[in-house]
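Peer 1: I'd like to ask you about the structure that follows.
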Amino acid sequence: MHPFRTHTCGELRREHSSGSVRLSGWIFRKRDHGSLLFIDLRDHYGLTQVVIQPDRDFFETCQKLRLESVITVTGKVEPRTEDTINPELPTGAIELLADSVVVESEADPLPIYLAGEEDGPEDLRLKYRFLDLRRERMHKNIMLRSKVISDIRRRMIEDHGFSEFQTPILTSSSPEGARDYLVPSRVHPGKFYALPQSPQQFKQLLMLAGFDRYFQVASCFRDEDARADRSPGEHHQLDIEMSFVTPEDIFAVVESVLYGVFTKFSTWKVDATPFKRIPYAEAMVKYGSDKPDLRIPIEIVDISELFRTSKFNAFRSIVEKGGVIRAIPVTAIADKPRSFFDKLVEYAQSIGSKGLAYLVFEAGAVKGPLAKFLSPDDLTALSKMCGTKDGDVVFFVGEMAKEANRIAGDLRLKLGRDLDRVEKDCYRFCWIVDFPMYEFDDENKAVIFSHNPFSMPQGGLKALQEMDPLKIYAYQYDVVCNGYELGSGAIRNHQPEIMYKAFEIAGYSRESVDKDFGALIKAFRLGAPPHGGIAPGIDRIIMMLTHEENIREVIAFPMNQRAQDLMMNAPNDVSIRQLRELHIRVELPKHHEHKDQPVQDQLPKT
RNA sequence: GGGGGCGUAGCUCAAUUGGUUAGAGUCCCAGACUGUCGAUCUGGUUGUUGCGGGUUCGAGUCCCGUCGCUCCCGCCA
Numbered sequence: 002m003h004p005f006r007t008h009t010c011g012e013l014r015r016e017h018s019s020g021s022v023r024l025s026g027w028i029f030r031k032r033d034h035g036s037l038l039f040i041d042l043r044d045h046y047g048l049t050q051v052v053i054q055p056d057r058d059f060f061e062t063c064q065k066l067r068l069e070s071v072i073t074v075t076g077k078v079e080p081r082t083e084d085t086i087n088p089e090l091p092t093g094a095i096e097l098l099a100d101s102v103v104v105e106s107e108a109d110p111l112p113i114y115l116a117g118e119e120d121g122p123e124d125l126r127l128k129y130r131f132l133d134l135r136r137e138r139m140h141k142n143i144m145l146r147s148k149v150i151s152d153i154r155r156r157m158i159e160d161h162g163f164s165e166f167q168t169p170i171l172t173s174s175s176p177e178g179a180r181d182y183l184v185p186s187r188v189h190p191g192k193f194y195a196l197p198q199s200p201q202q203f204k205q206l207l208m209l210a211g212f213d214r215y216f217q218v219a220s221c222f223r224d225e226d227a228r229a230d231r232s233p234g235e236h237h238q239l240d241i242e243m244s245f246v247t248p249e250d251i252f253a254v255v256e257s258v259l260y261g262v263f264t265k266f267s268t269w270k271v272d273a274t275p276f277k278r279i280p281y282a283e284a285m286v287k288y289g290s291d292k293p294d295l296r297i298p299i300e301i302v303d304i305s306e307l308f309r310t311s312k313f314n315a316f317r318s319i320v321e322k323g324g325v326i327r328a329i330p331v332t333a334i335a336d337k338p339r340s341f342f343d344k345l346v347e348y349a350q351s352i353g354s355k356g357l358a359y360l361v362f363e364a365g366a367v368k369g370p371l372a373k374f375l376s377p378d379d380l381t382a383l384s385k386m387c388g389t390k391d392g393d394v395v396f397f398v399g400e401m402a403k404e405a406n407r408i409a410g411d412l413r414l415k416l417g418r419d420l421d422r423v424e425k426d427c428y429r430f431c432w433i434v435d436f437p438m439y440e441f442d443d444e445n446k447a448v449i450f451s452h453n454p455f456s457m458p459q460g461g462l463k464a465l466q467e468m469d470p471l472k473i474y475a476y477q478y479d480v481v482c483n484g485y486e487l488g489s490g491a492i493r494n495h496q497p498e499i500m501y502k503a504f505e506i507a508g509y510s511r512e513s514v515d516k517d518f519g520a521l522i523k524a525f526r527l528g529a530p531p532h533g534g535i536a537p538g539i540d541r542i543i544m545m546l547t548h549e550e551n552i553r554e555v556i557a558f559p560m561n562q563r564a565q566d567l568m569m570n571a572p573n574d575v576s577i578r579q580l581r582e583l584h585i586r587v588e589l590p591k592h593h594e595h596k597d598q599p600v601q602d603q604l605p606k607t
């Protein structure tokens with residue numbers, strides 16, 4: 002007999018009855034009746050009830066064992082009597098009558114609960130992540146992650162003819178983008194490697210190498226602050242690149258994979274392919290966001306023109322100054338109490354709106370302080386543009402366009418959630434297309450890249466030479482689901498002349514482009530296929546499939562918001578010797594100088 | 001870097017307008033119990049109310065500062 006197990010804890014059924022078996026696992030729960038002891042033995046596969054009878058010499062030992070101790074039980078599979086069958090448990094028709102028990106590992110009292118639904122404080126969960134991961138929900142999340150990734154790989158390779166590649170983790174720092182994680186070089190004093198923010202240049206170079214269809218489940222390292230949907234330090238992308246393609250070719254692959262994965266691993270409804278395509282400019286007006294949550298059936302309307310000549314000074318002057326007026330029509334809330342509207346106005350102000358006007362369409366009339374400033378014709382036009390019916394309310398935001406988008410978009414989300422108008426149990430996908438190539442940086446009064454500088458401008462060199470840079474679109478697209486940006490991609494700029502020109506507009510000299518992207522530019526002169534790609538975020542996909550609201554719940558060993566690994570105690574101090582070897586001297590900011598290690602204590606010795 | 005929320009026993013939480021010795025459940029410890037499946041019952045231990053200062057006869061509660069966690073803004077080519 003195998004020293005640890007003949008079966009797993011999720012395996013035994015009535016047909017195994019009277020056979021002698023061996024199980025190993027953790028003591029999940031104990032029910033001690035004094036002269037009879039039940040142990041729920043848990044392993045990766047399931048739970049089996051073990052019965053310890055009082056005449057056994059290991060009875061007392063088992064009574065004293067704490068939860069989560071690891072034991073090996075040998076005994077007979079007994080069918081349970083009709084009245085003791087547990088229908089909740091797959092193994093509930095049988096139990097294991099113990100003949101011998103070996104204690105493999107005795108557990109101390111646990112710092113966190115495993116058997117309940119409650120999470121406990123997150124810093125403790127992260128510090129004892131290996132315990133946290135034993136909990137059913139976390140175990141399921143991580144297993145789903147494993148299955149989804151392997152399913153994605155299969156789809157990429159078998160359904161779409163991609164090959165998987167590895168690219169370097171130690172590479173060079175590039176000036177664009179997020180802050181880099183740096184690794185000092187021992188051999189080259191004063192020089193540093195950087196961890197890749199993404200394998201961007203490598204995957205493009207693989208296209209130049211002629212591999213045609215690249216993918217990688219890639220670790221990406223960015224030293225940026227965390228969010229609920231953004232893990233600090235490192236995250237994972239399904240990195241894709243394809244040669245000789247149009248955006249539609251890339252959309253087709255991503256739609257096929259995402260639709261397939263989401264329908265396979267969720268019971269929620271998934272948008273049929275092709276996913277809706279929404280130009281960036283339209284999304285910013287209609288949803289106030291470039292990652293719209295299409296589950297909310299509220300669409301913002303631009304009504305600036307109505308107010309250009311209106312008697313309502315506040316809005317007219319905003320329009321005259323180049324600002325915009327946006328209407329947020331909401332159906333069937335005219336009967337909401339005054340406090341509802343007051344709270345919403347207060348909320349609007351808290352997110353930076355100057356105010357929040359609204360009109361109530363009720364009983365064939367229009368009520369609200371704004372009503373008297375609008376002519377009957379204007380009101381009719383407004384009502385038509387917003388599609389209002391009796392019982393509807395229209396909210397108004399008047400700001401400069403960027404602010405108006407942000408505020409109206411925020412209000413749209415809040416209204417959708419507060420009024421419970423978010424469509425349930427579905428994944429609503431879309432593509433945001435036609436991103437602007439450049440934007441104006443108000444702070445530095447300069448034209449800058451609005452997204453990826455490697456994107457091909459729509460209209461090519463001609464557009465760069467002749468058009469207002471701020472009006473040029475890039476072949477740049479995002480795939481969005483339920484208000485989350487799942488991935489971002491582009492058709493790349495593979496022509497050196499267009500690249501120099503594109504960078505020149507953003508204020509980079511030919512020399513600086515050569516210096517920073519030399520490898521790529523040189524390669525582009527040696528035969529470059531037109532190519533493009535995208536990189537959907539794996540962690541976010543899993544987060545959506547598990548319905549988690551925090552990305553840490555789908556990562557086995559995540560860092561906390563301040564980019565610390567509380568379990569491994571990273572980042573930590575290193576020895577002077579290590580620093581010397583790397584030619585590094587540490588100069589701490591003043592307020593850190595007299596502080597001890599800020600990170601949590603090491604694990605207690607057990 | 002900025003803004004919001006939270007911080008009371010190992011864990012989850014309570015504590016009236018500021019008012020006696022800060023409670024309950026759970027975990028843990030001891031005892032009882034042969035059919036439980038979140039076993040049950042009895043008893044017990046557990047506190048720098050995050051930390052520091054202030055107001056007050058009196059502070060878990062009010063004020064100021066600070067630390068930690070978290071959410072958001074900035075940032076994320």
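Going letter by letter, the first sequence gives residues 2 to 607 in our numbering. Where is the CB? At the ideal position from N, CA and C, for every residue including glycine.
#1: Tell whether a beta-carbon distance below 8 angstroms holds between I143 and L125.
#2: Is there contact here, the stretch 470-478 with the stretch 318-331, by at least three beta-carbon pairs under 8 angstroms?
#3: Could you say which of G484, W432, G488, I506 lies nearest to L462 if we only look at CA atoms?
#4: Just the C-alpha distance for M401 and S318, rounded to the nearest angstrom, thanks.
#5: Assess, as a yes-or-no matter, whether the stretch 349-356 is touched by the stretch 289-302 under the definition of 3 or more beta carbon pairs within less than 8 angstroms.
#6: Can A524 and L134 be called in contact, C-beta distance under 8 angstroms?
#7: Report all residues from its chain with a CB closer than 6 angstroms to the CB of K224; omit the five preceding and five following residues, and keep chain order.
#8: What is the rounded straight-line gap between the Cα of E550 and the Cα of S21?
#9: So, helix, strand or coil for G461, using DSSP?
#10: Apart from the five residues just before and just after A520, which ones in its own chain have a Cβ nearer than 6 angstroms to its Cβ?
#11: At what residue ranges does the stretch 171-249 contain a whole run of the beta strand (DSSP E), taking only runs of 3 or more?
#12: How would you call L546, buried or exposed, if buried means at least 16 neighbouring beta carbons within 10 angstroms?
#13: I need the boundaries of the alpha helix (DSSP H) containing C63, first residue and last residue.
#14: Just to confirm before moving on: does the CB-CB distance between P624 and D226 stay below 8 angstroms?
#15: Can you grab the Cα-Cα spacing for the pair A516 / L416, in whole Å?
#16: So K77 is in the beta strand (DSSP E); what residue range does that whole segment cover?
#17: Is the stretch 413-432 in contact with the stretch 294-314, if contact means three or more CB pairs nearer than 8 angstroms?
#18: Could you check the C-alpha separation between P176 and P169 for me, to the nearest Å?
#19: Among the candidates F341, G178, R581, whose CA atom is the shortest distance from the CA of V394?
#20: Going by DSSP, which residues form a beta bridge with K277?
#21: Excluding the five sequence neighbours on either side, which residues of its own chain have a C-beta within less than 7 angstroms of the C-beta of F308, listed in chain order?
#22: According to DSSP, is I585 helix, strand or coil?
#23: What number of angstroms, rounded off, separates the C-alpha of K373 from the C-alpha of N314?
#24: Give the secondary structure of T168 by DSSP, where H, G and I count as helix, E and B as strand, and everything else as coil.
#25: Taking buried to mean at least 16 other C-beta atoms within 10 Å of its own C-beta, is K128 buried or exposed?
#26: Going by CA-CA distance only, name the one from F450, Q350, L206 that's closest to G528.
#27: Can R156 be considered in contact with the ligand HEM, in the sense that its beta carbon sits closer than 7 angstroms to one or more heavy atoms?
#28: Let me check understanding here. Comparing Cα to Cα, which of R43, Q54, E467, V258 lies closest to H34?
#29: Helix, strand or coil: which one does DSSP assign to G450?
#30: Would you kindly work out how many angstroms separate the C-alpha atoms of K117 and D574, rounded to a whole number?
#31: If you reduce the DSSP assignment to three classes, tell me which class E486 lands in.
#32: Would you kindly work out how many angstroms separate the C-alpha atoms of Q201 and F212, rounded to a whole number?
#33: Can you give me the start and stop residues for the beta strand (DSSP E) that I319 sits inside?
#34: What does a CB cutoff of less than 6 angstroms around M285 pick up in its chain, not counting 5 residues either side in sequence?
#35: Can you list, in chain order, the residues of its chain with a C-beta nearer than 6 angstroms to that of K270? Leave out the 5 residues immediately preceding and following it.
#36: Measure the C-alpha to C-alpha separation of R155 and F163 and round it to an integer number of angstroms.
Peer 2: Taking the coordinates as given:
#1: As a first step, residue 143 must be located in the first sequence, where it is residue number 142. As a first step, residue 125 must be located in the first sequence, where it is residue number 124. No.
#2: no
#3: Position 461 of the first sequence, counted from the first residue, corresponds to residue 462. Out of G484, W432, G488, I506, I506 has the C-alpha closest to the C-alpha of L462.
#4: As a working note, residue 401 is residue 400 in the first sequence. As a working note, residue 318 is residue 317 in the first sequence. Near 11 angstroms, if we compare the C-alpha coordinates of S318 and M401.
#5: no
#6: Position 523 of the first sequence holds residue 524. Position 133 of the first sequence holds residue 134. It is not a contact, given that the beta carbons lie outside the stated cut-off.
#7: Mapped onto the first sequence, residue 224 falls at position 223. Per the sequence shown, the amino acid found at residue 224 is Asp instead of Lys. Same-chain partners within the cutoff: R180, Y182.
#8: Your numbering for residue 550 matches position 549 in the first sequence. Your numbering for residue 21 matches position 20 in the first sequence. If I take the Cα positions, the gap works out to 45 angstroms.
#9: Numbered from its first residue, the first sequence carries residue 461 at position 460. Note: G461 maps to helix in three-state DSSP.
#10: The residue given as residue 520 occupies position 519 in the first sequence. Excluding sequence neighbours, A520 sits near nothing in its chain.
#11: 183-185, 193-195, 214-223, 234-244
#12: Counting from one through the first sequence, the residue named residue 546 turns up at place 545. Buried: at least 16 other Cβ atoms inside 10 Å.
#13: Numbered from its first residue, the first sequence carries residue 63 at position 62. Segment 60-65, the alpha helix (DSSP H) holding C63.
#14: Only positions 2 to 607 of the chain appear in this structure, which leaves residue 624 out of reach.
#15: For the purposes of this step, residue 516 is taken as the residue at position 515 of the first sequence. For the purposes of this step, residue 416 is taken as the residue at position 415 of the first sequence. Note that residue 516 is Lys in the sequence shown here, rather than Ala. Approximately 49 angstroms between the Cα atoms of the pair.
#16: Working through the first sequence from its first residue, we reach residue 77 at position 76. Run containing K77: 71-80, per the beta strand (DSSP E) assignment.
#17: yes
#18: Here residue 176 refers to the residue found at position 175 when the first sequence is read from its first residue. Here residue 169 refers to the residue found at position 168 when the first sequence is read from its first residue. Computed Cα separation, rounded: 18 angstroms.
#19: Translated into positions along the first sequence, residue 394 becomes position 393. The shortest C-alpha separation from V394 is found at F341.
#20: Start at 1 with the first residue of the first sequence, and residue 277 comes out as number 276. Partner(s): C431.
#21: Working through the first sequence from its first residue, we reach residue 308 at position 307. Excluding residues within five positions, the ones whose Cβ falls inside 7 angstroms are F316, R317, V320, I326.
#22: In the first sequence, counting from the first residue as 1, residue 585 sits at position 584. Looking at I585 - three-state DSSP - the assignment turns out to be coil, as it is neither helix nor strand.
#23: For the purposes of this step, residue 373 is taken as residue 372 along the first sequence, with counting starting at 1. For the purposes of this step, residue 314 is taken as residue 313 along the first sequence, with counting starting at 1. Rounded to whole angstroms, K373 to N314 spans 12 angstroms at the Cα level.
#24: For the purposes of this step, residue 168 is identified with residue 167 of the first sequence, where counting begins at 1. The answer is coil: DSSP assigns T168 none of H, G, I, E or B.
#25: What you label residue 128 is simply residue 127 of the first sequence in a count that begins at 1. Buried, because 16 or more other Cβ atoms sit within 10 Å of the Cβ of K128.
#26: Locating residue 528 in the first sequence gives position 527, counting from the first residue. Measuring from the Cα of G528, the nearest candidate turns out to be L206.
#27: You won't find the ligand HEM in this model; it holds no ligand whatsoever.
#28: Taking the first sequence and counting its residues from 1, one reaches residue 34 at position 33. It is Q54 whose Cα lies nearest to the Cα of H34.
#29: If you number the first sequence from 1, residue 450 lands on position 449. Note that residue 450 is Phe in the sequence shown here, rather than Gly. Reduced to three states, the DSSP call for F450 is strand.
#30: By one-based count along the first sequence, residue 117 stands at place 116. By one-based count along the first sequence, residue 574 stands at place 573. At residue 117 the sequence reads Gly, which differs from the Lys that was named. Using only the alpha carbons, I get a separation of about 37 angstroms.
#31: The residue labelled residue 486 in the question sits at position 485 within the first sequence. Note: E486 maps to strand in three-state DSSP.
#32: Your numbering for residue 201 matches position 200 in the first sequence. Your numbering for residue 212 matches position 211 in the first sequence. Each residue's alpha carbon lies about 15 angstroms from the other.
#33: The count along the first sequence starts at 1 and reaches residue 319 at position 318. No beta strand (DSSP E) contains I319, which is instead part of the alpha helix (DSSP H) from 314-321.
#34: Against the first sequence, residue 285 aligns to sequence position 284. Closer than 6 angstroms at the Cβ level, and outside the excluded window around M285, lie N406.
#35: Here the question's residue 270 lines up with position 269 in the first sequence. For K270, where only same-chain residues beyond five positions count, the Cβ hits under 6 angstroms are C427.
#36: For the purposes of this step, residue 155 is taken as residue 154 along the first sequence, with counting starting at 1. For the purposes of this step, residue 163 is taken as residue 162 along the first sequence, with counting starting at 1. Computed Cα separation, rounded: 10 angstroms.
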